[in-house]
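Note sheet for the following structure.
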Ligand SMILES: O=C(O)CCC(=O)C(=O)O
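In my numbering, the protein residues as written are 28 to 362.
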């Protein structure tokens, strides 16, 4: 979709260098209605090449899991390179204008993910989830999640095109609202997702059929995000989404870790995504209500502070939209 396709009734998608004068209104409308919008062309071809080389170097030199936050990076050069990337001025200026409420801020962790994707047959529910999934069963969180003022989500900047090796995410537009619209029943997407899980569990021989899974995806109302390298996808934590899988015929011969949702992709097809979060006080409150009650979740706030410090120390200037960085660093951050 080009900038010319934008009107009040479609997912907003536009090149960051070509934003129309009413882009803030269009992006907010899209976010409220579909839980998602796209800002394209955040990084140029040469910036992507250089970031991908840095990411390759990082994962070779500093062995570890599939996620790397800025505070975990040892090399000062690489830390600076990724801090600059996460604090991309053009992206944060646009987000600052779109989410103009001073209570909404970019938030840690600043996470580079490598080859994060589900297996379309072996991963439970194909990988479909809502980031706020842990909050949904908690009464206090649920009230917040249903509050029209709630805001919490992710900014993902993709360093490859959506192609045969995946590389992007799939989403169900509008699922940011579907759990509160049907308090006693469930939405179309949730209904078909439950049927999918049932078939996957009890009729695996049917579920293995590629056509059957494709039909489920249509019934769920999925779209694959048509991202190209350098594009940003901004999505609500309540939206149903999953990593785009590798094309079925290639997937069969690949090695996966279904626990960690990591695939062993060929070196020249590595999937890298820069993920950060954003939200307002309500969103942060719900997030931490859940996290601090999880085993091992108490360290999450320390991780946020470490990441905020790492980014701040790596850069010489403050960046727009990271409005809560001061309170994270001086211990006045509230949740
Ligand atoms: O990048 C991806 O593959 C999906 C990431 C995802 O599902 C998440 O961050 O919650």
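Beta carbons: idealized from backbone N, C-alpha and C, even for Gly.
Note to self: Helix, strand or coil for residue 45? Go by DSSP, reduced to three states.
What the structure shows: If you number the chain shown from 1, residue 45 lands on position 18. It is coil, neither helix nor strand.
Notebook entry, point to check: In terms of residues, what are the limits of the alpha helix (DSSP H) holding residue 122?
Noted result: Position 95 of the chain shown holds residue 122. Segment 116-125, the alpha helix (DSSP H) holding residue 122.
Check: What is the DSSP secondary structure of residue 238, reduced to helix, strand or coil?
Finding: Walking along the chain shown from the start, residue 238 turns up at place 211. Residue state, collapsed to three classes: helix.
Note to self: Please tell me whether, using a cut-off of 6 Å, the distance from the CB of residue 270 to the nearest non-hydrogen atom of ligand 1 is below it.
What the structure shows: For the purposes of this step, residue 270 is taken as the residue at position 243 of the chain shown. Checking the Cβ of residue 270 against ligand 1 gives yes.
Next item on the list: Leaving aside the five residues before and after residue 332 along the sequence, list all residues of the same chain whose C-beta is less than 6 Å from its C-beta, in chain order.
Entry: As a working note, residue 332 is residue 305 in the chain shown. Cβ neighbours of residue 332 beyond the five flanking positions: 355.
Next item on the list: Whole angstroms is fine: what's the gap from residue 136's alpha carbon to residue 93's?
Entry: Residue numbering aside, residue 136 sits at position 109 when the chain shown is read from its first letter. Residue numbering aside, residue 93 sits at position 66 when the chain shown is read from its first letter. Their Cα atoms are separated by approximately 14 Å.
Notebook entry, point to check: Which partner residues does residue 181 have in the DSSP bridge list?
Noted result: Reading the chain shown from its first residue, position 154 is the one you call residue 181. Looking at the DSSP assignment, residue 181 forms a beta bridge with 262, 304.
Next item on the list: Run the proximity test for residue 146: is its beta-carbon closer than 6 Å to any non-hydrogen atom belonging to ligand 1?
Entry: As a working note, residue 146 is residue 119 in the chain shown. Checking every heavy atom of ligand 1 against the Cβ of residue 146, none is found closer than 6 Å.
Note to self: Would you call the region 59-71 in contact with the region 243-258, where contact means no fewer than 3 C-beta pairs closer than 8 Å?
What the structure shows: yes
Check: Quick one: what's got a C-beta closer than 7 Å to residue 61's C-beta in the same chain, skipping five residues either side?
Finding: Within the chain shown, numbered from 1, the residue matching residue 61 stands at position 34. Result list for residue 61: 38, 200, 201, in chain order.
Margin query: Among 182, 155, 178, whose alpha-carbon lies nearest the alpha-carbon of residue 220?
Written below: Taking the chain shown and counting its residues from 1, the one referred to as residue 220 is at position 193. Of the candidates 182, 155, 178, the one whose C-alpha sits nearest the C-alpha of residue 220 is 155.
Next item on the list: For the region 108-127 and the region 244-254, state whether three or more C-beta atom pairs, one from each stretch, are separated by less than 8 Å.
Entry: no
Next item on the list: May I ask whether a heavy atom of ligand 1 can be found less than 6 Å away from the beta carbon of residue 277?
Entry: Counting from one through the chain shown, the residue named residue 277 turns up at place 250. Incorrect: residue 277 has no Cβ contact closer than 6 Å to ligand 1.
Checklist line | Boundaries of the alpha helix (DSSP H) in which residue 273 is found, first to last residue | finding: Numbered from its first residue, the chain shown carries residue 273 at position 246. Element bounds for residue 273: n/a, residue is neither H nor E.
Next item on the list: Might you give, ordered along the chain, the residues of its own chain that have their beta carbon closer than 7 Å to the beta carbon of residue 350, omitting 5 neighbours on each side?
Entry: One-based indexing of the chain shown puts residue 350 at position 323. Once the five neighbours on either side are set aside, the close Cβ partners of residue 350 are 129, 132.
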